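Heads up, the thing below is written out as structure tokens.
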Amino acid sequence: MSRHRAIRNLNLEDEMDDDYDDDYDDYEDEENPEKQYTYDRNSLSTNYYTYLTDSGRNSPALPAPHPGIPSSSYHPPVSTPTPTAAPTTSLSSTIVRNMTAPLLHQNQKPPKNLNSRPSTPQTSSNLNTPKRTPQVKNLQAESTTPTVSRPSSEVDLTSFRRNQLQNIAKAPSVARKTPKPRVADKDLINLIVVGHVDAGKSTLMGHLLHDLEVVDSRTIDKFKHEAARNGKASFAYAWVLDETEEERERGVTMDIGRTSFETSHRRIVLLDAPGHKDFISNMITGTSQADAAILVVNATTGEFETGFENGGQTKEHALLLRSLGVTQLIVAVNKLDTVDWSQDRFDEIKNNLSVFLTRQAGFSKPKFVPVSGFTGENLIKRMELDWYDGPCLLELIDSFVAPQPPSDGPLRIGISDVLKVASNQLVVSGKIESGEVEKDDKVYIMSSVTAATVKECANNDGSRHCFAGDYILLTLQGTFEPESIQTGSVVVRAGPDTLIPSKKFEVRLVAFEIAMPIIKGAKAELYAHSLCVPCTFTNLLYTINKSNGEILKKGPRFIAKGASAVVEIETEYDIAIETFTSCRALGRVTFRAGGNTIAAGIVEKVITPQ
Amino acid sequence: MKQFKRGIERDGTGFVVLMAEEAEDMWHIYNLIRIGDIIKASTIRKVVSETSTGTTSSQRVHTMLTVSVESIDFDPGAQELHLKGRNIEENDIVKLGAYHTIDLEPNRKFTLQKTEWDSIDLERLNLALDPAQAADVAAVVLHEGLANVCLITPAMTLTRAKIDMTIPRKRKGFTSQHEKGLEKFYEAVSTAFMRHVNLQVVKCVIVASRGFVKDAFMQHLIAHADANGKKFTTEQRAKFMLTHSSSGFKHALKEVLETPQVALRLADTKAQGEVKALNQFLELMSTEPDRAFYGFNHVNRANQELAIETLLVADSLFRAQDIETRRKYVRLVESVREQNGKVHIFSSMHVSGEQLAQLTGCAAILRFPMPDLDDEPMDEN
Ligand SMILES: Nc1nc2c(ncn2[C@@H]2O[C@H](COP(=O)(O)OP(=O)(O)OP(=O)(O)O)[C@@H](O)[C@H]2O)c(=O)[nH]1
Ligand SMILES: [Mg+2]
Chain P
1 MSRHRAIRNL NLEDEMDDDY DDDYDDYEDE ENPEKQYTYD RNSLSTNYYT YLTDSGRNSP
61 ALPAPHPGIP SSSYHPPVST PTPTAAPTTS LSSTIVRNMT APLLHQNQKP PKNLNSRPST
121 PQTSSNLNTP KRTPQVKNLQ AESTTPTVSR PSSEVDLTSF RRNQLQNIAK APSVARKTPK
181 PRVADKDLIN LIVVGHVDAG KSTLMGHLLH DLEVVDSRTI DKFKHEAARN GKASFAYAWV
241 LDETEEERER GVTMDIGRTS FETSHRRIVL LDAPGHKDFI SNMITGTSQA DAAILVVNAT
301 TGEFETGFEN GGQTKEHALL LRSLGVTQLI VAVNKLDTVD WSQDRFDEIK NNLSVFLTRQ
361 AGFSKPKFVP VSGFTGENLI KRMELDWYDG PCLLELIDSF VAPQPPSDGP LRIGISDVLK
421 VASNQLVVSG KIESGEVEKD DKVYIMSSVT AATVKECANN DGSRHCFAGD YILLTLQGTF
481 EPESIQTGSV VVRAGPDTLI PSKKFEVRLV AFEIAMPIIK GAKAELYAHS LCVPCTFTNL
541 LYTINKSNGE ILKKGPRFIA KGASAVVEIE TEYDIAIETF TSCRALGRVT FRAGGNTIAA
601 GIVEKVITPQ
Chain W
1 MKQFKRGIER DGTGFVVLMA EEAEDMWHIY NLIRIGDIIK ASTIRKVVSE TSTGTTSSQR
61 VHTMLTVSVE SIDFDPGAQE LHLKGRNIEE NDIVKLGAYH TIDLEPNRKF TLQKTEWDSI
121 DLERLNLALD PAQAADVAAV VLHEGLANVC LITPAMTLTR AKIDMTIPRK RKGFTSQHEK
181 GLEKFYEAVS TAFMRHVNLQ VVKCVIVASR GFVKDAFMQH LIAHADANGK KFTTEQRAKF
241 MLTHSSSGFK HALKEVLETP QVALRLADTK AQGEVKALNQ FLELMSTEPD RAFYGFNHVN
301 RANQELAIET LLVADSLFRA QDIETRRKYV RLVESVREQN GKVHIFSSMH VSGEQLAQLT
361 GCAAILRFPM PDLDDEPMDE N
């Protein structure tokens, strides 16, 4: 209810039932490998992204902010359990617009039984209205600008909501059955492949999957045949990951392609990101789930330069990786077949990129590998080159180190895909950022504050007890509204370490190379885990000296490019993120405006309305 | 807007008799009326009468009322202005001093009387009466799953419909759900578009998105119109303009209005002039920050030094509840104009105006740098 959903797709149910069942089986066909965590402390580098992301995902549980920066006090998400009504009119107006009968009911019911029986349907009325007819809400008949009109009589839903949240936070946390640590023979790595558009990411990974026999020759032959018929013969391998009709027709990846394979020592969940500037939002969503990355660059004459210079995505992707906490990086210098496997070209690219990646982006040891995704050299077999006798791509992938996810922390599942919404059931997928979950768990969906019970959950390997790091398919039971869940929702448990949603946050950020400075009142899109929401920079608190962390200026008029600052932001509606110290994955934020990444940072404080 | 009579004295007191003709006019009226003004209009009053036997009956009676305004409530979507105040002229039905709410809407004549018509009021009044105003522009900004169907009038950007759907992502082996989701989304946007946009009336239609969404939507819209017996004529088709936007959020309209292609076509709309002025200010802030200031204190100090080249003010400041705040800004505007400075009064109903309002509502581009200003407090808040 926090989000204004003028229209929702409620008949999804019918369409998806069959697909969904087949799909579930996909997740069940493997053994239940157990898991073992290794851990590697990356050395701190001195560039300015360091203190935001410190040592990334492979570091110890507590963040070590930049030595010079006065470390912010620790703010657990429930440190202010006395929230009251939010004073903002925009929130109330959101609610006004959402005041469909069932929702109103739900909100006016006393919250007392929500904790004890979270799965109890809170509304009966909406069971009768599983399909709402007015699809598009006519805004003409309603107030469109909360700032202008003053809604006169309305129920104070906000304070109700605050109460409800308080009660959830007060609920005693139920002791968990000791989570049996999964002892796996192979570590799990979520691996994202990024790079400028047409660098050959999908082709490279498609070819690799074929060489590994994850994709059989028959399928590849079929793709070759069909692609050729569409005049896109060279994209046959890319079709392994570019699955939608539109992607194949246009020869571009538009959303993350997800698949998995195994190396000798690792299980890899592969995320093939789109390279086109227009789809960076999807790249960010994928990266927020990743532990390691392959940056693909195109070695063809002139092409590396296009991707690397202004307007190219190579730099932006690399900076995003780093600010989203990915520290392990392989650089695949691709398409070397087009330059006769020239050592000079490889070295030129390697030198240029190394400087940028280590000095500006702050990667400590990026590994470079010469490859051709199209002709297939150096993918799973070392190739014979007189100037390179290093490992092939697969060997490098095999040497990625698994993060140590905090599976004993509070439950946090970031929802990245909503597959089915029915009035009594939701099917979603997402990544467990911390904690563990299994069937019959009582959970809450934030920020809508919706109670639910886990009916089923399964990770990639079919395991039914899922831990931090797993990407899972989740079936929830309860009483749902269309706005109960969306990409960017977070599944949590009741208790003192629950997550209290808010729309105001204090964020420590670093501004990217921006043409216009960030000023008070500027609008941007905030990205955090799978979430994307419009936000406003409501207050510029102070700028920081990057080398020693001292406050430079209080109440600055603007934040210039490259500068570092602490700001206050307000999102359009309540969202589920928290401080970086409470949960790293939910505390990292990226700001974009006008199609460019303008800043990245971490949440320092959740400001709950007093 | 129609004006029937104007009786404003040299000292600023006086009245006008007006009638709004469209939504836009209601916005102007909203910006004209302040607490303490006197409104005379015909209205409906519920009259309860008691018979000799003690039973009561209520009746609705048309009457002409004159009230002194105590509260103002504007609903731009519904084009209604609700004014509440006390009756100040004795009348058979309503007692002196009794409360009454007058609802103003298009095509209803009324008299507005003020003790002080200041320069900003007169400017607003003349603007409202100017018939040579540009026609409306429709805009659809969208990304996968989110669309805003907007109408851009000279003074307002109105969101006519917002479509927000979750589209399942593409997944290994199940791309059909994603594709079905998209189809449904385009259908919903097309339906909303046909309902809210009158192609006979609007000057042009901007369809903006990232990637291929705009093209896919356009295809769908044309097919949708066709299927519903509303096939676009060649002339109507020529009104469409496809352009890039980084998202489907409403604030993306700002970048849409900035694109040269759109700018060219909308050359003289107020929305565009505002976007331009704000951008100029923002650019200056990164290149020469000592010439770009915001917040009343800084701007006012700059004005005292006769330094203001362009002043940007949000019209919301003139609607301030307390008269002093309004006067303060009126004086600022008048003073800048006296010094031949340019003044842009931003409509808070446009995206750029929303941003200016956040930026204290008051900003200035200076003729020369004033680095010392930076050390002074920016604003009380
Ligand atoms: N000669 C040669 N061509 C390649 C190689 N790798 C990819 N290509 C070609 O480059 C084009 C783009 O390949 P894709 O795999 O779609 O590139 P991408 O990086 O996935 O592109 P996006 O996902 O849209 O950013 C296709 O025509 C490929 O055949 C290579 O190693 N050598
Ligand atoms: Mg691709």
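Taken in sequence, the protein lines are chains P and W. Residues in the first sequence are numbered from 1 upward in steps of one, following UniProt numbering. Residues in the second sequence are numbered from 1 upward in steps of one, following UniProt numbering. For every residue, glycine included, the Cβ atom is placed at its ideal position computed from N, Cα and C. Fair warning: this is a prediction, and the values are worked out from it, not measured in the lab.
- In chain order, Thr157, Lys250, His251, Leu253 and Lys254 place their CB closer than 7 Å to the CB of Val351/W, counting only its own chain and leaving out the 5 sequence neighbours on each side.
- Per DSSP, the unbroken beta strand (DSSP E) holding Tyr471/P starts and ends at Tyr471 to Gly478.
- By the criterion of a C-beta distance shorter than 6 Å, His317/P is surrounded in its chain by Val194, once the five residues flanking it on both sides are discounted.
- Rounded to the nearest whole angstrom, the C-alpha separation of Ala452/P and Glu144/W is 28 Å.
- Relative to ligand 1, Lys276/W has its C-beta separated by 7 Å or more from all heavy atoms.
- Sorted by chain position, residues whose beta-carbon lies closer than 7 Å to a non-hydrogen atom of ligand 2 are Lys201/P, Ser202/P, Ala238/P, Leu241/P, Asp242/P, Val252/P, Thr253/P, Asp272/P, Pro274/P and Gly275/P.
- Of the other Cβ atoms in all chains shown, 16 or more fall within 10 Å of the Cβ of Tyr471/P; this residue is therefore buried.
- Asn459/P is the residue among Asn459/P, Ala563/P and Val510/P whose C-alpha sits nearest the C-alpha of Ala468/P.
- Under DSSP, Pro517/P forms no beta bridge with any residue.
- Around Arg267/P, the same chain offers Lys186 and Leu188 as residues with beta carbons nearer than 6 Å, after the five sequence neighbours per side are excluded.
- Below the 8 Å Cβ cutoff, chain P contributes Arg557 as neighbours of Asp374/W, in chain order.
- Taking 8 Å as the threshold, the shortest C-beta distance from Lys504/P to chain W does not fall below it.
- Here the alpha carbon of Ser502/P sits roughly 16 Å from the alpha carbon of Glu525/P.
- Secondary structure of Ala78/W (DSSP, three-state): coil.
- Among the CB atoms of chain W, one or more fall inside 8 Å of the CB of Thr536/P.
- Contact note: Asp417/P reaches chain W through Pro168, Arg169 and Arg171, using a C-beta cutoff of 8 Å and chain order.
- Partner residues in the beta bridge of Pro534/P, as assigned by DSSP, are Glu525/P.
- Among the residues facing chain W, Met516/P is included, as its CB has a counterpart in that chain under 8 Å away.
- Bounds of any alpha helix (DSSP H) do not take in His265/P, whose DSSP letter is neither H nor E.
- Restricting attention to Val401/P, Lys350/P and Leu357/P, the CA atom closest to the CA of Tyr388/P is found in Lys350/P.
- Taking a Cβ-Cβ threshold of 8 Å, the residues of chain W close to Ile519/P are Leu282, Met285, Tyr294 and Leu359, in chain order.
- With respect to the 8 Å criterion, Glu90/W and Leu83/W are not classified as neighbours on the basis of their beta carbons.
- Annotated as distal: Asp103/W and Val69/W, with beta-carbon spacing of 8 Å or more.
- Under a 10 Å Cβ-count criterion, Tyr237/P is classified as buried, with 16 or more other Cβ atoms of the shown protein chains found around its own Cβ.
- Listed along the chain, the chain W residues whose CB falls inside 7 Å of the CB of Gly594/P are Ser246 and Glu255.
- In this structure, the C-beta of Val197/P approaches ligand 1 to less than 7 Å from one of its heavy atoms.
- Residues of chain P with a Cβ closer than 9 Å to the Cβ of Pro289/W are, in chain order, Pro517, Arg557, Phe558 and Ala560.
- Of all residues in the region 226 to 246 of chain P, only Glu243, Thr244, Glu245 and Glu246 place a beta-carbon less than 8 Å from a beta-carbon of chain W.
- Beta-bridge pairing by DSSP links Asp73/W to His82/W.
- When secondary structure is reduced to three states using DSSP, Asp118/W falls in the coil class, being assigned neither helix nor strand.
- Listed along chain W, no residue sits closer than 8 Å to Lys554/P by beta-carbon distance, the nearest being about 10 Å off.
- The residue from Glu305/P, Gly601/P and Gly373/P with its alpha-carbon nearest to that of Thr579/P is Gly601/P.
- For Tyr388/P, no beta strand (DSSP E) run applies, since DSSP gives it neither H nor E.
- In this structure, Leu359/W places its C-beta atom within 8 Å of the C-beta atom of Ile519/P.
- Taking 7 Å as the cut-off, one finds at least one heavy atom of ligand 1 near enough to the beta carbon of Phe235/P.
- Proximity of the beta carbon of Leu312/W to ligand 1 is not indicated: no heavy atom of the ligand is located closer than 7 Å.
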